[in-house]
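In our numbering, the protein residues as written are 172 to 337.
Just so it is clear, CB atoms sit at the ideal spot from N, CA and C, and this is done for glycine as well.
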């Protein structure tokens with residue numbers, strides 16, 4: 172495929188659909204829209220639902236571990252956590268032995284909403300698994316698990332190239 176053809180807008184969809192990153196982005200957009208539609212019925216969002224899933228139900232989770240698990244920037248996470256706290260889903264607790272460490276803990280209401288979020292995620296996942304034979308799912312997961320390494324390699328190459336450019 173000649174990717175220089177992207178200058179011709181009529182070929183965009185045909186060419187873009189051969190880009191792995193385009194497919195990942197467009198499919199993720201569809202998934203995010205679906206989860207947000209599910210969450211709106213609970214006056215929530217996909218981000219809040221996934222945050223609930225990252226929090227340890229008994230002990231809570233250090234606030235510093237949530238952003239990396241979610242792939243979110245800390246500023247965006249802070250806004251969502253503030254909203255979740257105002258809605259009574261979570262509380263923030265300082266570690267008894269180290270006041271610098273803050274844990275995000277679920278309230279009873281947060282636990283209820285976590286169960287609903289988990290049910291929704293399992294439902295979607297099961298529907299996907301039911302559509303494909305296990306070997307296709309395994310191959311898909313193998314590729315998806317390798318992509319972060321490729322991305323890191325490309326980032327390293329770009330950093331090296333940028334250092335060499337005057």
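Among the options, nearest to residue i - alpha-carbon criterion
{"i": "residue 292", "options": "305, 266 and 220", "result": "220"}
{"i": "residue 241", "options": "218, 233, 261 and 231", "result": "218"}
{"i": "residue 203", "options": "325, 295 and 326", "result": "295"}
{"i": "residue 261", "options": "280, 207 and 267", "result": "280"}
{"i": "residue 315", "options": "187, 191 and 182", "result": "191"}
Buried or exposed by the 16-neighbour rule on C-beta atoms within 10 Å, applied to residue i
{"i": "residue 271", "result": "exposed"}
{"i": "residue 274", "result": "buried"}
{"i": "residue 226", "result": "buried"}
{"i": "residue 300", "result": "exposed"}
Span of the alpha helix (DSSP H) around residue i
{"i": "residue 286", "result": "279 to 302"}
{"i": "residue 185", "result": "183 to 187"}
{"i": "residue 197", "result": "191 to 211"}
{"i": "residue 309", "result": "305 to 335"}
Start and end residues, beta strand (DSSP E) containing residue i
{"i": "residue 265", "result": "261 to 265"}
Which complete beta strand (DSSP E) runs does the stretch 219 to 245 hold, if anything under 3 residues is left out? none
Within 8 Å, do at least three Cβ pairs link the stretch 302 to 314 to the stretch 233 to 247? no
Does the contact criterion of 3 or more C-beta pairs under 8 Å hold for the stretch 309 to 325 versus the stretch 278 to 290? no
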